[in-house]
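Working notes, structure below.
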Amino acid sequence: YEARPVKNYREMVEYSCKNYAQNIAYKYKKDYTAKNVEYIEKTYEQVGKDIKAFGTGLLNLDLMGERIVVVGKNRYEWCISYLATTCSNMVIVPIDKALPDVEMQRLIERSEATAIIFDEKYLETVKKVQEKENSSLKILICMDDIKEKGIKTFNEVLEEGRKQILAGDQKYDSIEIDENKMSIMLFTSGTTNEPKAVMLSQGNICANISNIACWVKLYPTDVLLSFLPIHHTFECTITFLYGFYSGSQVAFCDGLKHIQQNLKEYKVSVFVAVPLVLETMYKKIQKAIEEQGKTGLINKMTKISNTLLKAKIDIRKIVFKQILDNFGGHLRVVLYGAAPMNKATIIGYNNLGISLVQGYGLTETSPVIAAEDDKYRKLGSIGKAFPSVDVKIFEPNEEGIGELIAKAPSVMLGYYNNEEATKEAIDEQGWFHTGDLAKIDKDGYIFITGRKKYVIVLQNGKNIFPEELEALVNKIEGVKESFVYGRPDGTGDYKICAKIVYDKELVKEAYNVENAEDIKETIWQEVKKMNKAMPAYKYIRDIIVTDKELIKTTTQNQS
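Numbering (my numbering), first residue to last: 6 to 564.
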């Protein structure tokens, strides 16, 4: 696709608010738990006015050039806070709302922020940080209308800004954006190591938005459901910022249990998600088809529609209407990333006429480096590098596998206060080292084979990629997820083991077993069958089984 280049947020906001003025930018419920649901709609014109008013209010609090933390659920106030801050030459620091209290406090302190905009839920946490000796936190702004001494509310700052503009205040208008300096500070996710503070510029993210626009087209008629945590770079750049760039509507999800209901009521056409959510939704639909005794019929219709597709005749929306209505009936594309997707699920969705499009990237790359699309896709591949991104394999082995490295205008400025880590991540030639192992085929398709730090190197020099084995284990009926690791065997070598999470109901249904010992033995027999299809050095030699989920980061990735 042809993309409209964009240099900074200010330019993007002004363009969208002028060209899509009467389009609905945001739609959400005043209170989704209320009996009589009241929907609130905000046009682009209104959003533009609110960004300017809130930005003016912040500037009059003497916050020019300061850092501002934002922490809370996906909501209108979060989006306005983010855009008003960055369009007023301040640095935004989005923090994960799901972090434990102590960790959240630590990151707020590390950000050296002067102000924080937060949900009422985090009031006590925020106060604890402000009360500490030498705290840089001076201004507290709550997104909810609370009455608490020393705390401003979002609406108060917004109203003050409106009055200041009416009185002739032009602070916001006179600001010039330097798109090459740090404007966004993001902490890397993960529960096993100290999060690093990634410094991104508006130029970094806008370069990525322009690339995303070449990859998948969003229209002013599209509706996106904002479901993933909005502080996370994948959701923030694609749903929130690219949605805004495109003049699309963003609806806020009421929560994990409400996804399907929200897809229907908001007539969602584009959904940004992670594999775990998509696989769960797909399994539920498959189960409903089986219970209705329609599996044979669906398989037959799939064969017919796929045959007709070869002749450029698409009947999927008609023949699978009943199933598609489970997704709201308007879903045309699902964008996913953050982890590999089960191939059977991808094929299943595509058979129904829902295009599953994969993107790959990291916080440090704003985030997307490569993606597949309708034209460029190979099963198992993450697609090709974006137009402005150069990629290559660093120190490939005899199979062509090595670390994937990238050079692009979307690569971060560096890690804040961590020169050593920055030098480790970005070499002298400007190549960013992703830490992911990959190979690139002759047509330019990238295949991720595992994480560099997770590779198990056996004594015989053979490499085991845990992700490859996990994908196979996850295909076993009744298995929800797995974690493959190497356990030292006392001889200087490793024994390949797996921790396997099963679904009690599915295991009972598939194998008619309930007792914990019987479940372990049944799954072990399935693993043995899987082993036989692989070379002996890849065999899984021991397993632990549990029905308790693995520990994950807030975007549902194993940490």
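For each residue, glycine too, the CB sits at the ideal point set by N, CA and C.
Worksheet item: Nearest-angstrom Cα distance between M69 and V11?
Response: C-alpha separation (whole angstroms): 23 Å.
Fill in: Any alpha helix (DSSP H) of 4 or more consecutive residues that is wholly inside the region 81-137
Fully contained in the region 81-137 are the following alpha helix (DSSP H) runs of length 4 or more, in chain order: 81-91, 106-116, 128-136.
Practice prompt. Output the distance between the C-alpha atoms of K47 and M204, rounded to the nearest integer angstrom.
Written response: It is roughly 31 Å from the alpha-carbon of K47 to the alpha-carbon of M204.
Discussion item. Please identify the residue among K322, K458, I217, K201 whose C-alpha is closest to the C-alpha of Y420.
Written reply: Ranking K322, K458, I217, K201 by Cα distance to Y420 puts K201 first.
Discussion item. On the DSSP letters alone, give me the boundaries of the alpha helix (DSSP H) that T312 sits inside.
Written reply: Looking at the DSSP string, the run of the alpha helix (DSSP H) that includes T312 is 300-315.
Worksheet item: When you compare each of A316, A541, K317, V221 to V5 by their alpha carbons, which one comes out closest?
Response: Nothing about residue 5 can be reported from this structure: the residues present for the chain run from 6 to 564 only.
Fill in: For T368 and A344, the rounded distance between their alpha carbons
So the alpha carbons of these two residues sit roughly 14 Å apart.
Worksheet entry | Where I568 falls: helix, strand or coil (DSSP) | A question about residue 568 goes unanswered here, because the residues of the chain that appear run from 6 up to 564.
Worksheet item: How about Q206 and E184: do their beta carbons lie closer than 8 Å?
Response: For the sequence presented, residue 206 should be read as Ser rather than Gln. At a Cβ-Cβ threshold of 8 Å, S206 and E184 count as neighbours.
Worksheet item: What are the partner residues of D547, as DSSP defines its beta bridges?
Response: In DSSP, D547 forms a bridge with C502.
Item to complete: Whole angstroms is fine: what's the gap from G155's alpha carbon to V228's?
Response: For G155 and V228, the distance between alpha carbons rounds to 39 Å.
Discussion item. Looking only at its chain, what residues have a beta carbon closer than 6 Å to the beta carbon of A349, apart from the 5 residues adjacent to it on each side?
Written reply: Here A349 has no same chain residue with a Cβ atom under 6 Å from its own Cβ, once five neighbours each way along the sequence are excluded.
Fill in: First through last residue of the alpha helix (DSSP H) which encompasses C258
Element bounds for C258: n/a, residue is neither H nor E.
Worksheet entry | Sequence-distant residues of the same chain with beta carbon closer than 6 Å to I481, five excluded per side | In the same chain as I481, and ignoring 5 residues on each side of it, the C-beta atoms closer than 6 Å to its own belong to E531, in chain order.
Worksheet item: Going straight from the alpha carbon of G195 to that of V462, what length do you get?
Response: Unreliable positioning characterises G195 in this predicted model, as indicated by a pLDDT of 48, which lies under 50. A coordinate reading is not provided.
Worksheet entry | Coil, strand or helix - S188 by DSSP | Strand.
Fill in: Burial state of G358 (16 or more Cβ within 10 Å)
Taking a 10 Å sphere around the C-beta of G358, we find 16 or more other C-beta atoms and assign the residue as buried.
Practice prompt. Output the distance between the C-alpha atoms of R492 and Q363, rounded to the nearest integer angstrom.
Written response: Computed Cα separation, rounded: 33 Å.
Worksheet entry | First and last residue of the uninterrupted beta strand (DSSP E) at V203 | Counted as a single uninterrupted DSSP element, the beta strand (DSSP E) harbouring V203 occupies residues 202-206.
Worksheet item: Cβ atoms of L233 and V277: under 8 Å apart, would you say?
Response: Using a Cβ distance threshold of 8 Å, V277 and L233 count as a contacting pair.
Worksheet entry | Cβ contact check for the region 158-172 and the region 58-77: 3 or more pairs under 8 Å | With the cut-off at 8 Å, the region 158-172 and the region 58-77 touch.
Worksheet item: For the candidate residues W83, K133, E71, whose alpha-carbon lies nearest to that of E117?
Response: Here the closest residue by C-alpha is E71.
Worksheet item: Hey, which unbroken runs of the beta strand (DSSP E) at 3 residues or more fall wholly within the region 214-252?
Response: If we require 3 residues or more, the beta strand (DSSP E) runs fully inside the region 214-252 come out as 228-231.
Practice prompt. Please say whether L230 and Y271 have beta carbons closer to each other than 8 Å?
Written response: Yes. Within cutoff.
Discussion item. Judging by CA-CA distance, which residue of N423, Y49, D441 is the nearest neighbour of P401?
Written reply: Taking only the C-alpha atoms, the option nearest P401 is D441.
Worksheet item: When we look at the beta-carbon of R9 and count the other beta-carbons within 10 Å, is it buried (16 or more) or exposed?
Response: Burial call: exposed.
Worksheet item: Are the CB atoms of S393 and P372 nearer to each other than 8 Å?
Response: No, these two residues do not count as a Cβ contact at 8 Å.
Item to complete: Under 8 Å by Cβ, that's how I've got F391 and I374 pegged, so tell me the actual separation to the nearest angstrom.
Response: About 7 Å separates the two Cβ atoms, so the contact holds.
Item to complete: Mind checking who A30 pairs with in its DSSP beta bridge?
Response: DSSP lists no partner for A30.
Worksheet item: For S140, which beta-bridge partners are listed by DSSP?
Response: DSSP, once it has assigned bridges, lists no residue as partnering S140.
Practice prompt. Figure out for me which residue from E295, T61, T370 has the closest Cα to the Cα of A173.
Written response: The sequence as given places Gly at residue 173; Ala does not occur at that position. Of the listed residues, the one whose Cα sits closest to G173 is T61.
Practice prompt. Look up T350 in the DSSP assignment and say whether it is helix, strand or coil.
Written response: It is helical.
Fill in: Cβ contact (3+ pairs, closer than 8 Å) linking the region 444-454 and the region 424-431
The region 444-454 vs the region 424-431: no contact.
Worksheet entry | Run of the alpha helix (DSSP H) containing E514, from where it starts to where it stops | Taken as a continuous stretch (DSSP letters only), the alpha helix (DSSP H) holding E514 covers 509-516.
Fill in: Length of the line joining the Cα atoms of T197 and D547
Because T197 carries a pLDDT of 43, less than 50, the predicted location of this residue cannot be relied on, and no value is offered for it.
Worksheet item: To the nearest whole angstrom, what separates the beta carbons of L142 and T158, a pair I think is in contact under 8 Å?
Response: Contact doesn't hold; Cβ gap of about 17 Å is too wide.
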